[in-house]
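Quick notes on the structure that follows.
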Amino acid sequence: MKQYYKILLLVGLLVSGASCKKYLDVTPDNTGTLEYAFRNRNEAENYLFTCYATLQQFSDPTSNIGFTTSSEIIYPNNLTNHPLNENGFSLIRGTQNSASPGVNWWDGENGGQALFRSIRRCNIMLENIDKPVDLSPSEKARWIAEVKFLKAYYHYYLCRLYGPVPLVKTNIDITASTEEVRVKRSPVDSVFNYCVQLLDEAIPDLPPVITNQAKELGRITQLTALSIKAEMLATQASPLFNGNPDYASMKNKDGQPLFSSTADPQKWKRAADACKAAIDACEANGLKLYTFVAPPTVGSLSDQLRNELTIQNAVTEKWDVNPELIWALNPTFPCQGYATPRLTPKSAVNIFSNPSTFAVPISTQELFYTANGVPLTEDKDYDYANRFALKTAGDADKYYIAQGYTTINEHYGRESRFYANIAFDGSIWYGNGIYNQDQAYHVEARGSGSLAGPKDLNTLNITGYWPKKLANYLSVYDDGFQPIEYHLPLMRLAGLYLLYAETLNEANGPTADAYNYIDKVRARAGLKGVLESWSTYSKNPGKPTTKEGLRDIIHRERRIELCFEAQSGWDLRRWKEIQGVLSVPLQGWNIYESEAGNYYRLHTVLTPVFGLKNYFWPIKDNDLIVNNNLVQTTYW
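Counting with mature numbering (1 follows the signal peptide of the UniProt record, and there is no 0), you get residues -21 to -1, 1 to 615 for the letters of the sequence shown.
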């Protein structure tokens, strides 16, 4: 069995350039033998969870490119203490390089995990699953299906980052020739098709939902696999991968093209069919859009606050009772303290228990619609030119902005998702231990003398906006921080609805079904349907009736609905829109000023650096030396 260790080491060195590390996470007395790892059901189950282990690391938002490069959140890079891994957040500052790539999921360096090693673990599981004699046929089939899903997802994750990647369908035999060991990159369509093939093989043997929630939540289900299949196919159909002219010249050394040269519109039809199959399965198993159900501790609520809590709790509700949640990971979201402002005198003293450093730029808050359900720049009734003028909140505003507090016009008259997602100077923060809506806290952020204002370089919010959605309303920051934990969704039903609308529009143009699935999400947010909102309130009333116009609406709707959920960074890449989003300075307010007139002055906090080459990751230079069959990513 020592041969297997040599195989893994050889592939590790030649495929991923990784150093010699233990390949088994479950070993008895340092004996890493496959006979022991699969000698019975219990040991094989341990190895199954080893295959899951890397997946759990995806719960760390600092290494999730969808979270750190979306520009939804800015993390300061001049802290004297460094409580978080800053590699991911630094990428939009132009730090990526091929000598030592940031967030390197190929080799497992600088905030990334070694995904090829994880794929090889999956192969070992599949190659040895027949050995335990006490494993029932049904359980064996389920475990095989779970591992096939994991193997597909790890390949897919690499493909989103690197584009064409080697397919590790089986582990390489120790007798393989040198040329066989020196694997090459596979065309992106081959990668996607292989991932989908694995999911199709897995889906029949997965449980539709988890019935033993106490022991098995977080394991893969049919609904998870169907939904991720839909996401994979939508990604394959998107402009970054589907006939991308920017990468048409990228080829292996033998001349094999790695990207299709022309776009195939049928890929959108395939993705739409997969979305519908996933939606039908979810709804057949009782999934639905979340609506807030108040616990006994919560008093009477206005319609505004109830709707706001519906939107927040669609993300932060307990995962065993959230009917919208399709898939989340076992670890809970670790960064609530970075999303929560200081609201009480005690919290202003205990600043080191809660850094509050996740800062939302003005461009992110301006994504959200007006109360009429259209963009700020399109609403014919909205005074966009005077959006930064000062205004004092009255009684009608009291559930969103503290009565008598002065802030800017732009914070008034917005859709409920704006108030559920973002906290700002003067905004109401319902919860934090106070559940009487008439006594709710509000944010005071102007100047260092305010509760939420800058205290030092390690506990400041550099824009004046917080990602409120990422904090459970039941969490309390007062004399220390007591979070109520939750699991950040990787997939929820609202996102799947919008993905279906997107694929329908791309396949067929505007249709009744496309409008219907957008409007389901908008209705939950208290907005009228797309056609009615644009025809009534927009300067461009015909926008949703064209394919291009509806595309723009759907893209914005996804960015709003899924804001701060590590989705937008991936979406903007596959749409080939992130370069435009990161082409403008990211701004906030003049946070050290205490007077409203001085505080509300635009201040540039970051000028992003993002070129065409940043759509895909470079392979580490040393890996190209070790394996000369690998070609470097174009532009690197």
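Quick reminder that beta carbons are idealized off the backbone N, C-alpha and C, glycines included. Bear in mind the structure is a predicted one, so any value in this text is a computation, not a measurement.
Nonlocal neighbours in the same chain, by C-beta distance under 7 Å from residue i, ignoring five residues either side
i, result
"N107", "L13, F17"
"G73", "V588"
"N608", "R161, V162, K163, K232"
"K255", "Y479"
"L280", "A273, Q416"
"Y363", "L355, T356"
"Q92", "T33, Q36, W84"
"I497", "L477, A480, V509, I533, E536"
Beta-carbon contacts of residue i that lie in its chain and below 8 Å, excluding the five residues immediately before and after
i, result
"Q382", "A372, G373, D374, D376"
"M229", "G142, P143, P236, L237, F238, V610, T612, T613"
"D531", "K522"
"L22", "Just to set this straight, residue 22 is Glu in the shown sequence, not Leu. Only V5, Y15, A16, P111 meet the Cβ criterion."
"V500", "L268, A473, Y476, L477, E536, E540"
"residue 616", "Given that the chain is displayed from residue -21 to residue 615, the structure contains no residue 616 and the question cannot be resolved."
"I413", "A419, Y420"
Host beta strand (DSSP E) of residue i (start-end)
i, result
"V455", "455 to 457"
"T385", "385 to 387"
"F403", "401 to 403"
"P468", "468 to 471"
"Q566", "565 to 567"
"I305", "304 to 307"
"W445", "444 to 446"
"P369", "It is Leu, not Pro, that sits at residue 369 in the sequence shown. L369 -> beta strand (DSSP E) spans 369 to 371."
Range of the contiguous alpha helix (DSSP H) that encloses residue i
i, result
"R503", "491 to 503"
"W122", "116 to 141"
"K526", "526 to 540"
"L178", "167 to 181"
"G576", "575 to 578"
"V584", "Counting along the chain, V584 falls outside any alpha helix (DSSP H), though it belongs to the beta strand (DSSP E) covering 582 to 585."
"L34", "20 to 36"
"Y15", "13 to 16"
"Y516", "509 to 516"
"K246", "245 to 263"
"T295", "282 to 295"
"L70", "No alpha helix (DSSP H) holds L70; DSSP gives it neither H nor E."
Between the CA atoms of residue j and residue i - distance to the nearest angstrom
i, j, result
"S454", "P446", "14 Å"
"A131", "K148", "10 Å"
"A155", "S79", "30 Å"
"E511", "A491", "13 Å"
"residue 667", "T349", "In the structure displayed, the chain extends from -21 to 615; residue 667 sits before or after that span and is not available."
"A327", "D458", "9 Å"
"T10", "F37", "Unreliable positioning characterises T10 in this predicted model, as indicated by a pLDDT of 42, which lies under 50. A coordinate reading is not provided."
"F331", "T438", "7 Å"
"A120", "R198", "14 Å"
"R100", "T29", "8 Å"
"Y173", "E180", "11 Å"
"S342", "H582", "12 Å"
"D86", "N64", "17 Å"
"W568", "T276", "36 Å"
"S69", "D602", "23 Å"
"T386", "I290", "24 Å"
"E572", "P340", "18 Å"
"Y378", "G392", "12 Å"
"N495", "A216", "22 Å"
"D259", "N56", "45 Å"
"T194", "L105", "Residue identity differs from the one stated: residue 194 is Lys in this sequence, not Thr. In a straight line, the C-alpha of K194 is about 23 Å away from that of L105."
"K507", "Y398", "18 Å"
Assigned exposure category for residue i - 16 Cβ within 10 Å defines buried
i, result
"F128", "buried"
"E540", "buried"
"P274", "exposed"
"D109", "exposed"
"P62", "exposed"
"Y272", "According to the sequence displayed, residue 272 carries Val and not Tyr. Label assigned to V272: exposed."
"F347", "buried"
"R96", "buried"
"F367", "exposed"
Cβ neighbours of residue i in the same chain (closer than 6 Å, five flanking residues each side left out)
i, result
"P7", "With a pLDDT of only 35 at P7, under 50, the local geometry of the prediction cannot be trusted, and the value read off the model is given with reservation. The residues are Y15."
"F220", "V167"
"residue 616", "Any answer about residue 616 is impossible in this case: the structure gives the chain only from -21 up to 615."
"P138", "In the sequence as presented, Pro is not what sits at residue 138; that position holds Cys. Hits under 6 Å: V144, V170."
"I44", "G548"
"T295", "N451, Y465"
Supposed contact pair residue j and residue i - C-beta distance, whole angstroms, cut 8 Å
i, j, result
"Y465", "F312", "6 Å"
"P145", "S165", "6 Å"
"E481", "I557", "The pair is not a contact, with the Cβ atoms about 16 Å apart (cut-off 8 Å)."
is_contact[residue i, chain B] using C-beta, thresh 8 Å
i, result
"N415", "The structure shown has no chain B; it contains just one protein chain."
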